[in-house]
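Going by the working numbering, the letters in the sequence shown line up with residues 774 to 906, in that order. Beta carbons: idealized from backbone N, C-alpha and C, even for Gly. Just so you know, these numbers come straight off a predicted model, no measurement behind them. See below for the structure under consideration.
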Amino acid sequence: MSVNTITGRSAFLSLLKDEGVTHLFGNPGTTELPIMDALTEHPDLTYMMSMQESLVVYMAEGYSRASGKLSACNVHVAPGLGNAMGAIYAAKFANTPIIITAGQQELGHGLTEPMLYDSLVPIAAPLVKWAVE
């Protein structure tokens, strides 16, 4: 009997495709490298990079508002999510449909409180429909 396996990164990108997302906007860091690598397996998904997280969300919001489609974006860890909060605020009050994900170091790293690590849910929860880590 054969067992089908799928990686989390491939499952995530497949989910985006299944939801009709054609563009993923992002500011990649080390925690996003697996997603960047898996994009080669999803040529129908266009990656649009920006150098700052609020711009990533504004790009996704603009795309959704102009196209009428769901968009997705990814920001880099807790400081990146913090940088994006103004844009997330704007998207919330414009009722713009965006899937927003944020990279996170492995949970074990949280024990040593490394730079860039923080719990993401309390940062995002006030402005999003659903926040989970």
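CA-to-CA, the gap between Met-824 and Thr-778 works out to about 34 angstroms. For Asn-856, the enclosing alpha helix (DSSP H) starts and ends at 850-866. Annotation for Gly-799: the continuous beta strand (DSSP E) segment containing it runs 796-799. Checking the DSSP bridge columns, you'll see Thr-780 has no partner listed. The C-alpha of Val-776 is placed about 30 angstroms away from the C-alpha of Ile-872. Between the C-alpha atoms of Thr-874 and Ile-808 there is a straight-line separation of about 11 angstroms.
Taking C-beta atoms under 8 angstroms as the contact rule, Arg-838 and Ala-867 qualify, at a distance of about 7 angstroms. For Val-905, the closest C-alpha among the options Ser-827, Thr-813 and Gly-876 is that of Gly-876.
With a 10 Å radius around the Cβ and a threshold of 16 neighbouring Cβ atoms, Met-832 comes out buried.
Around the beta-carbon of Glu-814, fewer than 16 other beta-carbon atoms lie within 10 Å, marking it exposed.
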